[in-house]
Amino acid sequence: MTFDLTEPGYKVPVVIMVSKTDHCLNDLLYRHRAGKLAIDIKAVISNHPLLEPIVTWHGLPYHYFPVAEENRARQEAQIWQVVQQTGAELVILARYMQVMSADMCQKLAGRAINIHHSLLPGFKGAKPYHQAYDKGVKLVGATAHFINEDLDEGPIISQKVEVVSHSDYADDLVDKGRDIERLTLAHAVSCYAERRVFLYNNRTVVFSR
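My numbering runs 57 ahead of the 1-based position in the sequence shown.
Structure representation (structure tokens):
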């Protein structure tokens, strides 16, 4: 048997990655500031400059690393350098809308959590909530999972759902979906930070408090 001991009050050093959407980032920043998560945010990385004012207002470093097909390897090297320099134990993909390479997924295996906009498997591609609306779904949900080389197929940590009806329009589904994404990601991060998530093959064992 192997085991780790963690001091009471220990806060896991994390790096958050985002693109343009801010609802998950804002939620994590608030919970961090309010002491609701056992994490220590070391930096925020983005492939867009849009969210820098929010992050700098919280007094945190913001790294803007634009990405295109021709510079993807260099951009991932920049990301990895920040992760190493900050000593981050966890990387949170808070709606980071880029697919990571197999090499990067291997480096971050078991220590990078992604939030997906549906219950996996689900509606893939652009405008998932509009697809769901067109199909007349009665539930929207979100899935937080560890990343791996298979897109959106990593070990699942947390899933939550919200009931919807025929009276909800596509924009209503977007709003409800974003609320569920925030809660699901925060719950997954909390489980990880409190050492309640254990990987077993391609599955997780998540203990309650």
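By construction, the Cβ of each residue, glycine as well, lies at the ideal position given by its N, Cα and C atoms.
Taking each of E251, V197, D207 and G144 in turn and checking the Cα distance to N259, the smallest one comes out for D207. Listed as beta-bridge partners of H173 by DSSP are T200. In this structure, the beta-carbon distance from A227 to Y190 falls below 7 Å. Taking a C-beta distance under 7 Å as the contact criterion, V197 and G144 do not qualify as a contact pair. Judged by beta-carbon spacing, M154 lies within the 7 Å limit of S76, meaning their Cβ atoms are closer than that value. For the options V263, S247, A243 and V140, the alpha carbon positioned closest to that of I102 is the one of V140. When secondary structure is reduced to three states using DSSP, P185 falls in the helix class. Taking one beta carbon from each stretch, the region 80-97 and the region 240-257 have 3 or more pairs nearer than 8 Å; the two touch. Taking every protein chain shown into account, the CB of D61 has fewer than 16 other CB atoms within 10 angstroms, so this residue is exposed.
Residues L94 and A243 of the same chain have their beta carbon placed closer than 8 Å to that of R88, with the five preceding and five following residues left out of the count.
DSSP places Q142 in the uninterrupted alpha helix (DSSP H) bounded by R129 to T143. Counting every other CB atom within 10 Å of its CB across the protein chains shown gives E238 a total of 16 or more, marking it as buried. The beta-carbon separation of L147 and R168, rounded to 5 Å, stays under the 8 Å limit for a contact.
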